[in-house]
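Chemist: Okay, here's the structure, questions in a sec.
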Amino acid sequence: MNRRGALTILAFLAGGILVGAFAVNYIHSSPTAMTSTSTGQASDGSPIVDIKLTTVGQVGFGDHPNWVGYLPTTFFRVPPNATIRVTVDQQDGASGLRNPYQGLVRGTVGGAMTVNGKTTQAIDPANAAHTFSVPDLGVSVPLLGIDPNNPKNTDNFVVFSFKVPASGIFHWQCFVPCGAGTLYGNGGPMQTLGYMDGQIEVA
Ligand SMILES: [Cu+2]
13 MNRRGALTIL
23 AFLAGGILVG
33 AFAVNYIHSS
43 PTAMTSTSTG
53 QASDGSPIVD
63 IKLTTVGQVG
73 FGDHPNWVGY
83 LPTTFFRVPP
93 NATIRVTVDQ
103 QDGASGLRNP
113 YQGLVRGTVG
123 GAMTVNGKTT
133 QAIDPANAAH
143 TFSVPDLGVS
153 VPLLGIDPNN
163 PKNTDNFVVF
173 SFKVPASGIF
183 HWQCFVPCGA
193 GTLYGNGGPM
203 QTLGYMDGQI
213 EVA
């Protein structure tokens with residue numbers, strides 16, 4: 013083999029190693045999950061786990077500081093068979109739902125949520141800022157956007173609970189096309205883990 017042929021093969025192999033390393037790194041680069049432990053017991057005897065989240069129009073840091081997102085993270089690790097009690101401090105304006113069905117609360121304990129302390133089973137789909145939806149668990153909760161005409165309405169506090177099974181990893185996401193500036197609002201943060209997508213690991 014001449015020198016040029018050997019160099020070509022070497023370059024090819026090096027390229028292969030780089031591509032492989034990238035793929036392995038990509039697969040293993042999930043951010044660390046927020047591990048939540050039980051803070052009480054639900055009426056059915058299951059452990060209650062509290063998850064407190066804030067939805068903001070701009071996360072303010074990282075690779076995409078001006079992207080919409082759930083803080084502090086969208087990765088949760090929770091104990092088996094737990095009742096997850098989610099409190100969302102919702103600080104973003106409404107973008108509205110394309111599918112009005114998602115204005116309904118589904119799959120939560122009691123089939124309802126509280127918004128600023130009031131129990132309800134639905135909101136006007138046009139007033140949704142985000143949803144917290146776990147399709148594989150049949151859970152979906154619309155989050156009421158803040159009222160731009162009321163300067164005092166800077167946060168809506170939304171509380172709901174749902175049950176997780178004995179094990180599994182469950183994808184969750186927002187269904188409001190809230191990715192402003194992307195195609196139909198469904199790009200960017202809507203397709204990126206850590207912003208409007210996340211996962212719940214039951215372990
Ligand atoms: Cu959203």
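Here the working numbering is used: the first residue of the sequence shown is 13, the next is one more, and so on. C-beta atoms are modelled at their ideal positions from N, C-alpha and C, and glycine is treated no differently. Just so you know, these numbers come straight off a predicted model, no measurement behind them.
(1) Shortest alpha-carbon distance to residue 9 belongs to which of 107, 208, 116, 21?
(2) Can you tell me whether DSSP reads residue 154 as helix, strand or coil?
(3) Could you tell me whether the region 151 to 162 touches the region 99 to 116, where touching means 3 or more Cβ pairs closer than 8 Å?
(4) How many whole angstroms separate the CB atoms of residue 48 and residue 88, which I take to be in contact at a CB cut-off of 8 Å?
(5) Would you report the Cα separation of residue 182 and residue 99, rounded to the nearest angstrom?
(6) So, are the CB atoms of residue 176 and residue 94 less than 8 Å apart?
(7) Taking the CB atoms as reference points, tell me whether residue 120 and residue 188 lie closer together than 8 Å.
(8) Examine ligand 1 and report whether any of its heavy atoms sits within less than 7 Å of the Cβ of residue 188.
(9) I'd like to know if the region 192 to 202 and the region 156 to 175 are in contact, where contact means that at least 3 CB-CB pairs between them fall below 8 Å.
(10) Flag residue 142 as yes when its Cβ comes closer than 7 Å to any non-hydrogen atom of ligand 1, and as no otherwise.
(11) Where does the unbroken beta strand (DSSP E) through residue 125 begin, and where does it stop?
(12) Alpha carbon to alpha carbon, how far is residue 29 from residue 129?
(13) Quick check: the Cα distance between residue 160 and residue 24, rounded to an integer number of angstroms?
(14) So residue 124 packs on residue 133, CB below 8 Å; how close in whole Å?
(15) Within the present structure, is the beta-carbon of residue 68 separated from the nearest heavy atom of ligand 1 by less than 7 Å?
(16) From the DSSP secondary-structure annotation, give me the bridge partner or partners of residue 95.
(17) If you count every other CB in all the chains shown that lies within 10 Å of the CB of residue 148, and 16 or more means buried, which is it?
(18) So the beta strand (DSSP E) residue 144 belongs to, where does it begin and stop?
(19) For residue 65, which residues from the same chain have a beta carbon less than 6 Å from its beta carbon, with the 5 sequence-adjacent residues on both sides left out?
(20) Looking only at its chain, what residues have a beta carbon closer than 8 Å to the beta carbon of residue 210, apart from the 5 residues adjacent to it on each side?
(21) CB residue 179 to CB residue 92, shorter than 8 Å?
Modeler: Taking the definition as stated:
(1) Outside the displayed span of the chain (13 to 215) sits residue 9, for which this structure offers no information.
(2) strand
(3) yes
(4) 6 Å
(5) 19 Å
(6) yes
(7) no
(8) yes
(9) no
(10) Residue 142 has its Cβ nearer than 7 Å to a heavy atom of ligand 1.
(11) Here the beta strand (DSSP E) through residue 125 covers 125 to 127.
(12) 56 Å
(13) 57 Å
(14) 5 Å
(15) no
(16) 60, 175
(17) exposed
(18) 140 to 146
(19) 82, 100
(20) 82, 85, 86, 87, 88, 183, 184, 185
(21) Taking 8 Å as the cut-off, the Cβ atoms of residue 179 and residue 92 count as close.
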